[in-house]
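K.L.:
Per my numbering, the sequence shown starts with residue 12, numbered consecutively. Even glycine gets a Cβ: it sits at the ideal position worked out from N, Cα and C.
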Amino acid sequence: MKKRKRWKNKGKPQTVGQSSADVIRNIRFLKPEDEFQFECSLCGECCRNVEHSVMLEPYDLFRIARHITHKKRNCSGIEDVIQKYADVKTIGDSVFPVFLLKTRGQRKECVFLEDGRCGIYEARPRACRLYPMGAWPNDAMDGFDYFIATERPSHFKDSAIRAGDWMDQNFSSYDREVTLLDAAATVELAPILRDLEKNGANRDTLLQMMLLHRYILFETSEPFIPQFMRNIACLKRRLIGMMEGSAL
Ligand code: SF4
Numbered sequence: 012m013k014k015r016k017r018w019k020n021k022g023k024p025q026t027v028g029q030s031s032a033d034v035i036r037n038i039r040f041l042k043p044e045d046e047f048q049f050e051c052s053l054c055g056e057c058c059r060n061v062e063h064s065v066m067l068e069p070y071d072l073f074r075i076a077r078h079i080t081h082k083k084r085n086c087s088g089i090e091d092v093i094q095k096y097a098d099v100k101t102i103g104d105s106v107f108p109v110f111l112l113k114t115r116g117q118r119k120e121c122v123f124l125e126d127g128r129c130g131i132y133e134a135r136p137r138a139c140r141l142y143p144m145g146a147w148p149n150d151a152m153d154g155f156d157y158f159i160a161t162e163r164p165s166h167f168k169d170s171a172i173r174a175g176d177w178m179d180q181n182f183s184s185y186d187r188e189v190t191l192l193d194a195a196a197t198v199e200l201a202p203i204l205r206d207l208e209k210n211g212a213n214r215d216t217l218l219q220m221m222l223l224h225r226y227i228l229f230e231t232s233e234p235f236i237p238q239f240m241r242n243i244a245c246l247k248r249r250l251i252g253m254m255e256g257s258a259l
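Here it is as structure tokens:
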């Protein structure tokens, strides 16, 4: 039988100035059989001081747009969600766009926090579903490496939870499939984009193409995965067309 490790909080609470760098500094890797102690007191603190730290993946934006359109009828689609609720950045000096949830007020609380509760709970982003855990595709891209974010130590008390059980409850098989497909697409597209940039392709054009195909060209009344596959195949064709000097 494998030995279980239990992660215990030893740090001090940190509630201000949290950023994605703080989150990354405070992660610990876990195996499915490891346990951690966690209690949600519904205080909403996980959703405050989150400036530039909650990433919105393509399926997150799709799911939020579908949810808001359905529930509140004041959303005209994914582009509208991006404009109202997300900030766009690029990863390092690449042309890979990343969307991050907007925050408001001095406490830098998430724009979706309403009276201390998540206003889009059923459609909350993957990062929020898995919190305090997270998952990255493993090197073989056939499964996930798990980690726990420990930047808010006050939550780590009471009941012990097995990491694998937490993931089974909060990371659906559809979410896993989408995450692996997106990671595979990223690995496939990255060298093509690098080559195009080296050969003088316009960065803004590449960024626009990435935004359109990876995030925006979706019909939220249709299933996500077939559209994602079509969009990525189309993007790849267009990028290869540019490489060959005949932009499609
Ligand atoms: S989307 Fe919901 S759960 Fe996630 S940070 Fe915002 S309010 Fe909190």
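Should the segment 34 to 51 be regarded as contacting the segment 97 to 115, the criterion being three or more beta carbon pairs within less than 8 angstroms?
P.N.:
no
K.L.:
With DSSP collapsed to three states, give me the class of M145.
P.N.:
In the sequence on display, residue 145 carries Gly and not Met. Note: G145 maps to strand in three-state DSSP.
K.L.:
Is the segment 166 to 184 in contact with the segment 95 to 105, if contact means three or more CB pairs nearer than 8 angstroms?
P.N.:
no
K.L.:
Consult DSSP for D126 and reduce its assignment to one of helix, strand or coil.
P.N.:
coil
K.L.:
Taking 7 angstroms as the cut-off, is the beta-carbon of R135 closer than that to any non-hydrogen atom of the ligand SF4?
P.N.:
yes
K.L.:
Let's test the definition: count the other Cβ atoms within 10 Å of the Cβ of E62 and tell me whether it reaches 16, buried, or not, exposed.
P.N.:
buried
K.L.:
Apart from the five residues on each side of it in sequence, which residues of its chain come closer than 8 angstroms, Cβ to Cβ, to L191?
P.N.:
Excluding residues within five positions, the ones whose Cβ falls inside 8 angstroms are P148, M152, D153.
K.L.:
What's the C-alpha gap between G55 and M144?
P.N.:
17 angstroms
K.L.:
Regarding L112 and the ligand SF4, is the C-beta to nearest heavy atom distance less than 7 angstroms?
P.N.:
yes
K.L.:
For the ligand SF4, any of its heavy atoms closer than 7 angstroms to the Cβ of F182?
P.N.:
no
K.L.:
Taking 7 angstroms as the cut-off, is the C-beta of F123 nearer than that to any heavy atom in the ligand SF4?
P.N.:
Yes, the Cβ of F123 comes within 7 angstroms of a heavy atom of the ligand SF4.
K.L.:
Report the CB separation of I227 from E90 in whole angstroms; it is logged as a contact under 8 angstroms.
P.N.:
6 angstroms
K.L.:
Whole-angstrom Cβ separation of C129 and R135, contact assumed at under 8 angstroms?
P.N.:
5 angstroms
K.L.:
Going by the C-beta, is C86 closer than 7 angstroms to any heavy atom of the ligand SF4?
P.N.:
no
K.L.:
The beta strand (DSSP E) with L111 in it runs from where to where?
P.N.:
108 to 112
K.L.:
Within 10 angstroms of the Cβ of K14, are there 16 or more other Cβ atoms? Answer buried if so, exposed if not.
P.N.:
Note that K14 scores a pLDDT of 47, beneath 50, so its modelled location is shaky; the value from the coordinates is reported in the next line. That one is exposed.
K.L.:
Inspect the beta-carbon positions of E44 and G175 and report whether they are closer than 8 angstroms.
P.N.:
In this structure, G175 lies closer than 8 angstroms to E44 by Cβ.
K.L.:
Checking the sheet assignment: what are the DSSP bridge partners for Q48?
P.N.:
A171
K.L.:
Considering just the uninterrupted stretch of the alpha helix (DSSP H) at K100, what are its terminal residues?
P.N.:
Per DSSP, K100 belongs to no alpha helix (DSSP H); it is in the beta strand (DSSP E), 97 to 101.
K.L.:
Can I236 and E199 be called in contact, C-beta distance under 8 angstroms?
P.N.:
no
K.L.:
Measure the alpha-carbon distance for A195 versus N60 and round it to whole angstroms.
P.N.:
Answer to the nearest angstrom: the Cα atoms are 32 angstroms apart.
K.L.:
Just to confirm, are L250 and L204 a CB contact at a threshold of 8 angstroms?
P.N.:
yes
K.L.:
In three-state terms, what does DSSP make of E90?
P.N.:
Helix at E90.
K.L.:
Between L207 and D126, what straight-line distance do the alpha-carbon atoms span, to the nearest angstrom?
P.N.:
47 angstroms
K.L.:
Kindly identify the DSSP beta-bridge partner or partners of C58.
P.N.:
Note: C58 sits in no beta bridge, so no partner.
K.L.:
Report all residues from its chain with a CB closer than 6 angstroms to the CB of W177; omit the five preceding and five following residues, and keep chain order.
P.N.:
Taken in chain order, the residues that qualify are M144.
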